[in-house]
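Under this note's numbering, the residue at position 93 of the sequence shown is numbered 105, and the numbers go up by one with no gaps.
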Amino acid sequence: MVVYGMQLPVQSQSTLYAEPWEAAAGPADLLAVARAADDHGFDYLASCDHVAIPRRLAGPMSTVWYDPVATLSFLAAATERVRLLSHVAVVGLRHPLVTAKAYATLDHLSGGRLVLGVGAGHVQEEFEALGVDFARRGAVLDETVDALRAALGPEEYPEHLGERFAFKDLGQLPRPAQERVPLWVGGSSPAAVRRAALKGDGWLPQGDPRDRLGAQIEKLLRLRTEAGIAEPITVGAITEALYVGAPGWEVGRRTLSGRPEELAASLRAYGEMGVHQIQVRFRSRSRTELIDQMAAFGTEVAPHL
């Protein structure tokens, strides 16, 4: 069984995926989409993370990037079941105790619905403005993940002794509601796949097409086996853009559209190559159309997955 989640609209508006209607949208639209996800069987809602976007990237990336902790906390109070994923938090930009305080509180307030997705980041100016070494961001992330494992664990006084971060005898309450917060590692570079294999509870590939995803999954699992890690790992995939039914408007040649059974048959291929959760995205011209698409997927496509 493949479960399905989605990146929230509105909260990040890169030209790679944002729909025109999102530019004028706001909190009410986020609430409506989150409630629809809760109602229609979505496993998670995801929110991105950037602190500030330099002018040179503002065109393609936009400067609209809601804070993930604030956004997911806002939506936690309006939902009951759907999990809350940071996809992905650039945790190397912040001290692990700061990150742990925010996300532990989110997990506590939401009744244990957090999935902490982490990634290395890619915007150099963002790192420089915050006084973080961009060139060493991979090594910083590796240690940050280890520190977060301790800081998000069950102990009121977590301990970590590392090259960059060290803490003990410092209490943080509330603790997460979950005994172990799932930590999913994002990215598709060799370093990211290795990090996911050795340190993650899940892997969030970033844009791997179908014809390359299978080999990446094989590598991920091989690295994990070679390291002697027996615990299962949640493998993810980002699907093509979707439209349930006949669009009646130009949705782009790479969008999968058609009858629910046809879409399900195509998406089942992800499960066959070892994927456990798919992140879906729907083409839409309005909030209403997006919610209609979510409902159609949940009721007509998902049962066939």
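Glycine is no exception: its CB is placed at the ideal position from the N, C-alpha and C atoms.
Since the model is a prediction, treat every value here as computed from it, not as a measurement.
Query	Result
Element boundaries [alpha helix (DSSP H), containing V76]	Looking at the DSSP string, V76 is not in any alpha helix (DSSP H), and its letter there is neither H nor E.
Coarse secondary structure for M285, derived from DSSP in three states	coil
Where the alpha helix (DSSP H) through E252 begins and ends	No alpha helix (DSSP H) contains E252, which is instead part of the beta strand (DSSP E) from T246 to V256.
Per-residue DSSP class, three states only, for V263	coil
Of the listed residues D145, G104 and L118, nearest to G131 (C-alpha basis)	G104
Residue range of the beta strand (DSSP E) that includes G17	V15 to Q19
Residue closest to G231, alpha-carbon to alpha-carbon, out of P202, P244 and Q218	Note that residue 231 is Lys in the sequence shown, not Gly. Minimum Cα distance to K231 is reached at P202.
Cβ-based neighbour list, R149, same chain, cut-off 7 Å, excluding 5 preceding and 5 following	G104, A132, G133 and F139
Other residues of its chain near V263: CB distance less than 8 Å, five sequence neighbours each side excluded	A253, Y255, S269 and R295
Cutoff 9 Å: A70 Cβ touching any chain C Cβ	Structure shown: chain C not included; a single protein chain is present.
Cβ-Cβ distance between L195 and G212 below 9 Å	yes
Ordered list of alpha helix (DSSP H) runs contained in the segment 81 to 106, each at least 4 residues	none
Beta-carbon proximity check, G198 vs G129, cutoff 9 Å	yes
Pair within 9 Å by beta-carbon distance, G17 and A49	yes
At least three beta-carbon pairs within less than 8 Å, the segment 57 to 74 to the segment 86 to 100	yes
Nearest-angstrom Cα separation, counted from A116 out to P186	7 Å
Distance between P166 and A46 (C-alpha atoms, nearest Å)	29 Å
S85 versus H120: straight-line alpha-carbon distance, rounded	10 Å
Sufficient close CB pairs (3 or more, under 8 Å) joining the segment 28 to 36 to the segment 297 to 313	yes
Distance CB(V205)-CB(T251) smaller than 9 Å	no
Other residues of its chain near S122: CB distance less than 8 Å, five sequence neighbours each side excluded	L84, S85, A88, L96 and A189
C-beta contact flag for H52 and G310 at 9 Å	yes
Backbone secondary structure at F179 - three-state DSSP	strand
Contact set for V76: own chain, Cβ-Cβ below 6 Å, skip 5 residues either direction	Q25
Per-residue DSSP class, three states only, for R234	helix
Cross-strand partners of G195 (DSSP beta bridge)	The identity of residue 195 in the sequence shown is Leu, whereas the question assumes Gly. Answer by DSSP bridge pairing, in chain order: L128.
Proximity below 9 Å, CB of I229 to CB of L210	no
For S296, the three-state DSSP class (helix, strand or coil)	coil
Burial state of G260, where buried means 16 or more other Cβ atoms lie within 10 Å	exposed
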